[in-house]
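Each step along the sequence shown adds one to the number in this note's numbering, with nothing skipped, and position 75 is 75. Virtual Cβ for every residue (Gly too), placed ideally from N, Cα, C. Note that this is a predicted model, so its numbers are computed, not measured. Following: one structure in structure tokens, then a few remarks.
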Amino acid sequence: MLTIASRLDVMNRLGRAMADPTRSRILLSLLDAPGYPAELARDLELSRTKVSNHLTCLRGCGLVIATPEGRRTRYEIADPHLTVGLRHLLDAVVAVDEGVPCVDEKCECCA
Numbered sequence: 001m002l003t004i005a006s007r008l009d010v011m012n013r014l015g016r017a018m019a020d021p022t023r024s025r026i027l028l029s030l031l032d033a034p035g036y037p038a039e040l041a042r043d044l045e046l047s048r049t050k051v052s053n054h055l056t057c058l059r060g061c062g063l064v065i066a067t068p069e070g071r072r073t074r075y076e077i078a079d080p081h082l083t084v085g086l087r088h089l090l091d092a093v094v095a096v097d098e099g100v101p102c103v104d105e106k107c108e109c110c111a
């Protein structure tokens, strides 16, 4: 059973992962199918180093798992519940008040 502290940890890990546009793009790609760093880099038009660094972060957050396959490593969403949850989040309607400025000066989504 999850405690409030462990639920808060899950929320913080999800928030950290999704706060970065590159990590969000990687998660969106992995929602469709498992992926390999070189293919993710090609498909997302990113460097392999950047993809690998973000995959390491996602693994550290517990959101993706890595499975060695010979000389390659396959990455996928760590838990089917997470896949379902992310799909539900994508279906959510976000009510944005265009007249209210974002309080975060570094925010990229409100620009």
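Short Cβ contact (8 Å threshold) for residue i with residue j
| i | j | result |
| --- | --- | --- |
| Ile77 | His54 | no |
| Leu86 | Leu31 | yes |
| Cys61 | Arg7 | no |
| Tyr36 | Arg74 | yes |
| Val64 | Leu58 | yes |
Other residues of its chain near residue i: CB distance less than 7 Å, five sequence neighbours each side excluded
| i | result |
| --- | --- |
| Ser170 | There is simply no residue 170 to check, as the chain begins at 1 and stops at 111 in what is shown. |
| Ser24 | Met18 |
| Thr83 | Leu31 and Ile77 |
| Ala9 | One detail in the question is off: residue 9 reads as Asp in this sequence, not Ala. If we look at Asp9 and ignore the five residues flanking it on each side, it has no Cβ neighbours. |
Endpoints, the alpha helix (DSSP H) within which residue i is located
| i | result |
| --- | --- |
| Ala38 | Pro37 to Leu44 |
| Pro80 | Pro80 to Asp91 |
| Pro21 | Pro21 to Asp32 |
Per DSSP, the bridge partner or partners of residue i
| i | result |
| --- | --- |
| Arg72 | Glu69 |
| Val64 | Ile77 |
Sequence-distant residues of the same chain with beta carbon closer than 6 Å to residue i, five excluded per side
| i | result |
| --- | --- |
| Thr114 | No answer is possible for residue 114: it lies beyond the span of the chain, which begins at 1 and ends at 111. |
| Pro34 | Arg74 and Glu76 |
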